[in-house]
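Here the sequence shown stands for residues 84 to 504, numbered as in our numbering. Glycine included, C-beta positions come from ideal geometry on N, C-alpha and C.
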Amino acid sequence: MDSIIVRGNGELNGQIPIAGAKNACLTLMPATLLSEEPLTLTNAPRLSDIRTMTELLSSLGAEVSTLQDGKVLAMSSHNLDNHVADYDIVRKMRASNLVLGPMLARLGQAVVSLPGGCAIGTRPMDLHEKGLMALGAEIELKEGYLHAKVPGGLKGAVIDLDFPSVGATENIMMAATLAKGTTVLNNAAREPEIVDLATCLRSMDAQIDGDGTSRIEIQGVDRLHGATHPVVTDRIELGTYMLAPAICGGEVECLGGSISLVGSFCEKLDAAGIHVEETANGLKVARRGGRVKAVDVVTEPFPGFPTDLQAQMMALMCTAEGTSVLEEKIFENRFMHAPELMRMGANIEVHGGTATVHGVERLKGAPVMATDLRASVSLILAAMAAEGETIVNRVYHLDRGYERVEEKLGNLGAHIERVQS
Ligand code: UD1
């Protein structure tokens, strides 16, 4: 298993390219199941989660070809010959559940393993199920698998989500594109990845309005066609790398970034004393001298502060001047990075969904354990500004969401290397 060794050193400077969004790509890929014609995605990120989705789609009979060093995914679902998403694949990655809606719509049946809990929370699928049942699906749980079928075909309906779940919005939206009649999805998620999915589905000739707002209306059509779609920029990778100069000092331009993707996050950086400006090529972030100021953060659905940047923001707050309170409102167990940061000298108290971080002057390197994807990268961010050497173990989580992290950060001047242990 690989580890990453980081030696804290001075400022980071330069440019860093931001990849296509993992979370967008993981919902755009299953959209191929909706059509017999090819769907091609450009600007795809090169990540192990994308390989897992490729494996899953292939197991269903789809063809997925990886072109241009992984940046282009050419997919065809002409011959789907399996409607069972196996536990062995689904357990590796929760986003596998995004094949449920498209398979039901295209094949009238789907059997999808429940993903089970994960380190950050229990993460049930009840909202996906309720939404698809409102469209006419019959769903039964048997031996850990959701068995879904829709005898009379999917029919449009008005669906009020109890919570704006990203995955449920995506699954329902995809299914509704091929349902008979109109579907109205109230309290829908508004994340940029939802807008990207709707844009792709529209280029496949789906009729969707209101994406990016909490009311999405979908007029079902008989069939969807082929399309080519560029994956939106990864706002979480963007926010993560914006924190690199914020933590270490220096000036870094994140290529492909825009404030519209990370508005509430930029407001917090501004309050912390970090300078962010939009350039012709992306976002330039600078911290020149002095400690950052402590700011409080509450995670919320978009456009609020993203839960997927909470761990990285905590790394910044560890050396801020003053005390910050971070409240996690999306996942019930998403502070596992806190004890690891404490091994590096951070002063953090966790009570339920609230972490109080008392900033210290400097962190110290230590061996630490990556517990999940975003936790892993928060430890790397912290380590780049710490005194001495940090070894981050179990970095396979990192490869799920960050492509070539050592190379990208190394190019900015970070001392970071991957070792096989
Ligand atoms: C997506 C993102 C993930 C991000 C999360 C929240 C992908 C592949 N993953 O995950 O990186 O952290 O959005 O922004 O896009 N819930 C239920 N019942 C359901 C569905 C969700 O109770 O049927 C709960 C979850 O347990 C969680 C909350 O709703 O507490 C948010 O989950 P959701 O928005 O669905 O996240 P994902 O789509 O799984």
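Nearest to ALA281 by alpha carbon, out of PRO100, PRO313, LEU183 and ASP305? PRO313
Burial state of PRO328 (16 or more Cβ within 10 Å): buried
Answer yes or no: do MET112 and LEU156 have a C-beta to C-beta separation smaller than 9 Å? yes
Pairs of beta-carbons, one from the region 107 to 126 and one from the region 267 to 286, closer than 8 Å: are there three or more? yes
Is SER142 near ASP169, with beta carbons less than 9 Å apart? yes
First and last residue of the uninterrupted beta strand (DSSP E) at VAL194: 192 to 196
Cα separation between GLY91 and ARG426? 15 Å
Look at the Cβ atom of LEU446, then the Cβ atom of ALA421, and state whether they are nearer than 9 Å. no
Of all the options SER504, GLN503, LEU495 and ILE499, which has the alpha carbon lying nearest to the alpha carbon of LEU95? LEU495
Could you check which residue in ASP288, VAL433 and CYS337 has the C-alpha nearest to that of MET257? ASP288
Does THR323 pass the burial test, meaning 16 or more other C-beta atoms within 10 Å, or should it be called exposed? buried
So is the beta-carbon of LEU215 under 8 Å away from any non-hydrogen atom of ligand 1? no
Mind checking HIS166: buried by the 16 CB within 10 Å criterion, or exposed? buried
Thinking just about the alpha-carbon of each residue, which of GLU472, ILE413 and VAL443 is nearest to the one in PHE246? ILE413
Residue from ARG371, LYS376, GLY346 and GLU336 whose Cα sits closest to the Cα of ALA355: LYS376
First and last residue of the beta strand (DSSP E) that includes ARG370? 365 to 370
Rounded to a whole number of angstroms, what is the C-alpha to C-alpha distance between GLU360 and LEU352? 11 Å
LEU326, buried or exposed, once every other Cβ within 10 Å from all chains shown has been counted against 16: buried
For TYR228, write down the residues that DSSP places opposite it in a beta bridge. SER196 and LYS225
Starting from ALA217 and walking both ways along the alpha helix (DSSP H), at which residues does that stretch end? 209 to 217
Every unbroken alpha helix (DSSP H) within the region 385 to 435, with a cutoff of 4 residues, ordered by chain: 393 to 400 and 420 to 426
For the 8 Å Cβ check, are there 3 or more pairs between the region 303 to 317 and the region 115 to 128? yes
Kindly examine ligand 1 and report whether one of its heavy atoms sits closer than 8 Å to the Cβ of MET396. no
Cutting at 6 Å between CB atoms, please list the residues of its own chain near LYS175, excluding the five before and the five after it. THR135
Starting from the C-beta of ASP294, find all residues in its chain whose C-beta is less than 6 Å away, skip the five residues before and the five after it, and write them out in chain order. ILE277, VAL278 and ALA281
Expected contact under 8 Å - CB spacing of SER459 and LEU481 to nearest Å: 4 Å
Just to confirm, is the Cβ distance from GLU320 to TYR479 under 9 Å? no
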